[in-house]
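Notes for the one structure printed next.
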Amino acid sequence: MAQQDQFKNLIAHCKEYGFIFQSSEVYDGLSAVYDYGPYGVELKNNLKDYWWASMVQMHEDIVGLDSAIFMHPKTWKASGHVDAFNDPLIDNKDSNKRYRADVLVEEAMEKIQKKIDKEVKKAQKRFGDEFDQEQFVSTHPRVSRYTEEIASIRERLATSMSNNDMPALKQLIEDLDIADPESGTRNWTDVRQFNLMFSTQLGNIAGEEGKLYLRPETTQGIFVNFLNVQKTTRQKLPFGIAQIGKAFRNEIVARQFIFRMREFEQMEMQFFVRPGEEMKWYEYWKESRMKWHKALGHTDSELRFHDHDNLAHYANAAVDIEFQFPFGFKELEGIHSRTDFDLSRHQELSGRKLQYFDPEVNESYVPYVVETSIGADRMFLAAMTHALQEETVPDADGKESTRTVLKLHPAIAPVQVAVLPLLKNREELTKAARDVFDKLKFSFQCQYDEKDAIGRRYRRQDAIGTPYCITIDFETLDDHTVTIRERDSLKQERIHIDQIADIVRKRVGRESLLRR
Ligand code: ATP
Numbered sequence: 025m026a027q028q029d030q031f032k033n034l035i036a037h038c039k040e041y042g043f044i045f046q047s048s049e050v051y052d053g054l055s056a057v058y059d060y061g062p063y064g065v066e067l068k069n070n071l072k073d074y075w076w077a078s079m080v081q082m083h084e085d086i087v088g089l090d091s092a093i094f095m096h097p098k099t100w101k102a103s104g105h106v107d108a109f110n111d112p113l114i115d116n117k118d119s120n121k122r123y124r125a126d127v128l129v130e131e132a133m134e135k136i137q138k139k140i141d142k143e144v145k146k147a148q149k150r151f152g153d154e155f156d157q158e159q160f161v162s163t164h165p166r167v168s169r170y171t172e173e174i175a176s177i178r179e180r181l182a183t184s185m186s187n188n189d190m191p192a193l194k195q196l197i198e199d200l201d202i203a204d205p206e207s208g209t210r211n212w213t214d215v216r217q218f219n220l221m222f223s224t225q226l227g228n229i230a231g232e233e234g235k236l237y238l239r240p241e242t243t244q245g246i247f248v249n250f251l252n253v254q255k256t257t258r259q260k261l262p263f264g265i266a267q268i269g270k271a272f273r274n275e276i277v278a279r280q281f282i283f284r285m286r287e288f289e290q291m292e293m294q295f296f297v298r299p300g301e302e303m304k305w306y307e308y309w310k311e312s313r314m315k316w317h318k319a320l321g322h323t324d325s326e327l328r329f330h331d332h333d334n335l336a337h338y339a340n341a342a343v344d345i346e347f348q349f350p351f352g353f354k355e356l357e358g359i360h361s362r363t364d365f366d367l368s369r370h371q372e373l374s375g376r377k378l379q380y381f382d383p384e385v386n387e388s389y390v391p392y393v394v395e396t397s398i399g400a401d402r403m404f405l406a407a408m409t410h411a412l413q414e415e416t417v418p419d420a421d422g423k424e425s426t427r428t429v430l431k432l433h434p435a436i437a438p439v440q441v442a443v444l445p446l447l448k449n450r451e452e453l454t455k456a457a458r459d460v461f462d463k464l465k466f467s468f469q470c471q472y473d474e475k476d477a478i479g480r481r482y483r484r485q486d487a488i489g490t491p492y493c494i495t496i497d498f499e500t501l502d503d504h505t506v507t508i509r510e511r512d513s514l515k516q517e518r519i520h521i522d523q524i525a526d527i528v529r530k531r532v533g534r535e536s537l538l539r540r
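Residue numbers (my numbering): 25 to 540.
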């Protein structure tokens, strides 16, 4: 399926099956804001629970926090967000469309990369097993030229971004001859910086004094609470603080569904370490986070690391875990070595010491920090991208048909087990099914469904990713056995009612994910 169709299907599926709705849809929607429906909220909660358990429950040296969205305005001055949390924007004067200037340049690089990929594919076909890709890429004249071109654009982009040199960025757009995809013209405004923070006003204070920001990241709540948490939990370095919560960014270009939203949720963990030990922990968290993703069944070809070309003002090393979304490889999670930048700045602006006394070296210092930061919504999109499949399966009458199935890891499925009486108009069956449901609901997220033919009910459960369906039929009334149907293999087995919980628990329990 073409990538664009795959993406359209995914969005339609999310709406049709109650995973995600556009916010305020009755008023024609609010751009880049979304609501999670009944199955969406279950899936998102399961992803958040998996993250929380793997961080807090599985690490004695990581503790949790839930800090407020509003923070003292000085927080954002200290963190650099007031002065530097900007994206460079550019408008096309003919279409009146607004773009991120750096994204236009990145897209131009992607186009050149596609040319390289095409040449490689052609050569691969021509040379077959003999093909040595590394040698081809480094020696083929056209491909080498493209590679050099990309490197030079990347360098110019990085320099203009880190020097905050907007005229240089505009020049780059002109030199690359980038046209507006909408109007096709090159009639651009100058590039200017746009601050991404939303602001609001405290009720009782007028003017700048009362200006509050909606937090653009959850991280700063962790930094300002660093000593509160360390002292009350008596943690020794290295230790971490984890938090899940909403963040807000006034994104310039907010397309691509829940990939880039104006209100979203982050799962962030700050790991405080001794200065000088940050690179060791950076490597540790890189590897640990990649394992976390792979435990969900995401494959090597869906995930990759991407080192930052352009380091943020606070970082001395940074890497993204990118996922292959339907619109290409894009950032899913960031792992950043943030040095002592944030704590030092809060120390400076608040006038309070934010230092740790290290009994081993008998010295106080501002710790260094390695952060892992992932968007819960992007994680949701990655899980859906991976799981949503169409496949041909045998019918009950031996023919073939297509089914839409959501092959989510069983431990994150919105419904873990569905209980289905074979017929809805036979009270003895519905009663027996209700009894099974009432037993299982204490241990699992269950659903009782009696509407429509059994085949259609199975398909409905496949489409929302339910790993197990339990069918109650006349045999059940005689011998207390049921049919258990497994989503992926479609295998149906006859088991005793008392065995259901054990079988289901083995696959839907989080343990398999956490043991990885
Ligand atoms: P991008 O380059 O895509 O704008 P970023 O580098 O600004 O992302 P970070 O500030 O590192 O992102 O935020 C950490 C994580 O938060 C990201 O990896 C992403 O998963 C998530 N995130 C950031 N911005 C958004 C958004 N607008 N909508 C949804 N998730 C987001």
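We treat Cβ as the ideally placed atom computed from N, Cα and C, and that holds for glycine.
Original post:
Just reading off the alpha helix (DSSP H) that A192 is part of, what are its end residues?
Top reply: As a working mapping, residue 192 is identified with position 168 in the sequence shown. Segment 190–199, the alpha helix (DSSP H) holding A192.
Subject >> Validate contact between the region 152–167 and the region 246–256 using beta carbons, cut 8 angstroms, 3 pairs >> reply: no
**OP:** Sort out for me which residues DSSP pairs E131 with in a bridge.
**Re:** On the sequence shown, position 107 is the one that residue 131 refers to. None; E131 has no bridge partner.
**OP:** Please name the residue or residues paired with Y123 in a DSSP beta bridge.
**Re:** On the sequence shown, position 99 is the one that residue 123 refers to. I114.
Original post:
Ends of the alpha helix (DSSP H) at M293?
Top reply: Position 269 of the sequence shown holds residue 293. First-last for M293: 287–297, but that is the beta strand (DSSP E), not the alpha helix (DSSP H).
Original post:
Which residues does DSSP pair with A266 in a beta bridge?
Top reply: Position 242 of the sequence shown, counting from 1, holds the residue named residue 266. Per DSSP, G88, M293.
**OP:** Tell me where the beta strand (DSSP E) around A342 begins and ends.
**Re:** Along the sequence shown, one-based indexing puts residue 342 at 318. Counting along the chain, the beta strand (DSSP E) containing A342 begins and ends at 341–349.
Original post:
Does DSSP classify N252 as helix, strand or coil?
Top reply: Indexing the sequence shown from 1 puts residue 252 at position 228. Helix.
Subject >> Outcome for T500 when other beta-carbon atoms lying within 10 angstroms are tallied against a minimum of 16 >> reply: Numbered from its first residue, the sequence shown carries residue 500 at position 476. Counting Cβ neighbours within 10 Å, T500 comes out buried, since at least 16 surround it.
Original post:
Would DSSP call G245 helix, strand or coil?
Top reply: Within the sequence shown, the letter at position 221 stands for residue 245. It is helical.
Original post:
Thinking C-alpha only, which one of Q217, S223, D199 is nearest P97?
Top reply: The residue labelled residue 97 in the question sits at position 73 within the sequence shown. That would be S223, whose Cα lies nearest to the Cα of P97.
**OP:** Starting from the N-terminal side, write out each stretch of the alpha helix (DSSP H) that is 4 residues or longer and does not extend beyond the region 348–400.
**Re:** 365–374
**OP:** Look up I494 in the DSSP assignment and give the residues it is bridged to.
**Re:** Numbered from its first residue, the sequence shown carries residue 494 at position 470. Beta-bridge pairing links I494 to V443, I508.
**OP:** Could you tell me how far apart the beta carbons of W309 and I359 are, in whole angstroms, since I believe they sit closer than 8 angstroms?
**Re:** To locate residue 309, count along the sequence shown from 1; it is residue 285. To locate residue 359, count along the sequence shown from 1; it is residue 335. Going by Cβ atoms, the distance from W309 to I359 rounds to 5 angstroms, so yes, they are a contact pair.
Subject >> Best match in D204, N70, D118 for proximity to E131 [C-alpha to C-alpha] >> reply: To locate residue 131, count along the sequence shown from 1; it is residue 107. Minimum Cα distance to E131 is reached at D204.
**OP:** Measure from the alpha carbon of E424 to the alpha carbon of each residue in K431, E414, L432, T507, then state which is nearest.
**Re:** As a first step, residue 424 is located in the sequence shown; it is residue number 400 there, counting from the start. Selected option, being the one with the closest Cα: E414.
**OP:** Measure the beta-carbon distance from Q267 to E292 and round it to whole angstroms, keeping in mind my assumption that it falls under 8 angstroms.
**Re:** By 1-based counting over the sequence shown, the position of residue 267 is 243. By 1-based counting over the sequence shown, the position of residue 292 is 268. Confirmed, about 6 angstroms.
Original post:
Nearest CA to the CA of D512: which residue from M314, P299, R298, R483?
Top reply: On the sequence shown, position 488 is the one that residue 512 refers to. Of the listed residues, the one whose Cα sits closest to D512 is R483.
Subject >> Cut-off 8 angstroms between Cβ atoms - residues of its own chain near E346, not counting five sequence neighbours on either side >> reply: Counted from its first residue, the sequence shown places residue 346 at position 322. Within the same chain, E346 has close Cβ partners L327, R328, F329, H330, F353, K354, E355, L356.
**OP:** Return helix, strand or coil for H280, following the three-state DSSP convention.
**Re:** By one-based count along the sequence shown, residue 280 stands at place 256. The amino acid occupying residue 280 in the given sequence is Gln; His does not appear at that position. Q280: coil per DSSP, three-state reduction.
Original post:
Quick one, which of M314, T209, T256, N274 has its alpha-carbon nearest S78's?
Top reply: Taking the sequence shown and counting its residues from 1, the one referred to as residue 78 is at position 54. Nearest option by C-alpha distance: M314.
Subject >> Distance between I202 and K146 (C-alpha atoms, nearest Å) >> reply: Taking the first residue of the sequence shown as position 1, residue 146 is located at position 122. Taking the first residue of the sequence shown as position 1, residue 202 is located at position 178. Distance between the alpha carbons of K146 and I202: 27 angstroms.
Original post:
Starting from S425 and walking both ways along the beta strand (DSSP E), at which residues does that stretch end?
Top reply: In the sequence shown, residue 425 corresponds to position 401, counting from 1. First-last of the beta strand (DSSP E) with S425: 424–430.
Subject >> Member of R273, L236, G208 whose CA lies at the smallest distance from the CA of F109 >> reply: Indexing the sequence shown from 1 puts residue 109 at position 85. The option with the nearest alpha carbon to F109 is R273.
**OP:** Check whether the Cβ of R284 lies closer than 7 angstroms to any heavy atom of the ligand ADP, and answer yes or no.
**Re:** This structure does not include the ligand ADP; its bound ligands are the ligand ATP.
**OP:** Answer yes or no: do R362 and Y338 have a C-beta to C-beta separation smaller than 8 angstroms?
**Re:** Sequence index remark: in the sequence shown, residue 362 carries index 338 (1-based). Sequence index remark: in the sequence shown, residue 338 carries index 314 (1-based). A contact, by the Cβ cut-off of 8 angstroms.
**OP:** Enumerate in chain order the residues of its own chain whose CB-to-CB distance from Y306 is below 6 angstroms, with the five nearest sequence positions on each side excluded.
**Re:** The residue labelled residue 306 in the question sits at position 282 within the sequence shown. Within the same chain, Y306 has close Cβ partners A341, S361, V394.
Original post:
So, helix, strand or coil for K235, using DSSP?
Top reply: Position 211 of the sequence shown holds residue 235. Note: K235 maps to strand in three-state DSSP.
Original post:
Less than 8 angstroms separating the beta-carbons of V506 and I488?
Top reply: For this step, residue 506 is matched to residue 482 along the sequence shown. For this step, residue 488 is matched to residue 464 along the sequence shown. For V506 and I488, no; Cβs fall outside 8 angstroms.
Subject >> Residues near I276 by beta carbon distance below 7 angstroms, same chain, minus five either side >> reply: In the sequence shown, the residue the question calls residue 276 occupies position 252. Excluding positions up to five away in sequence, the list reads D111, L113, R122, R124, F218.
**OP:** May I ask you to report which of helix, strand or coil DSSP gives R216?
**Re:** Taking the sequence shown and counting its residues from 1, one reaches residue 216 at position 192. Note: R216 maps to strand in three-state DSSP.
**OP:** Take every Cβ of the region 465–478, pair it with every Cβ of the region 438–452, and state whether three or more of those distances are shorter than 8 angstroms.
**Re:** yes
Original post:
Who are C470's beta bridge partners in DSSP?
Top reply: In the sequence shown, the residue the question calls residue 470 occupies position 446. Partner(s): V441.
Original post:
Is the region 66–82 touching the region 182–189, taking contact as three or more C-beta pairs under 8 angstroms?
Top reply: no
Subject >> Straight-line Cα distance separating L514 from D497 >> reply: The sequence position of residue 497 within the sequence shown is 473, counting from 1. The sequence position of residue 514 within the sequence shown is 490, counting from 1. Whole-angstrom Cα-Cα distance: 18 angstroms.
**OP:** For F404, collect the residues of the same chain with a Cβ closer than 7 angstroms to its Cβ; drop the 5 residues on either side in sequence, then sort them by chain order.
**Re:** Position 380 of the sequence shown, counted from the first residue, corresponds to residue 404. Cβ neighbours of F404 beyond the five flanking positions: L67, K68, L71, I282.
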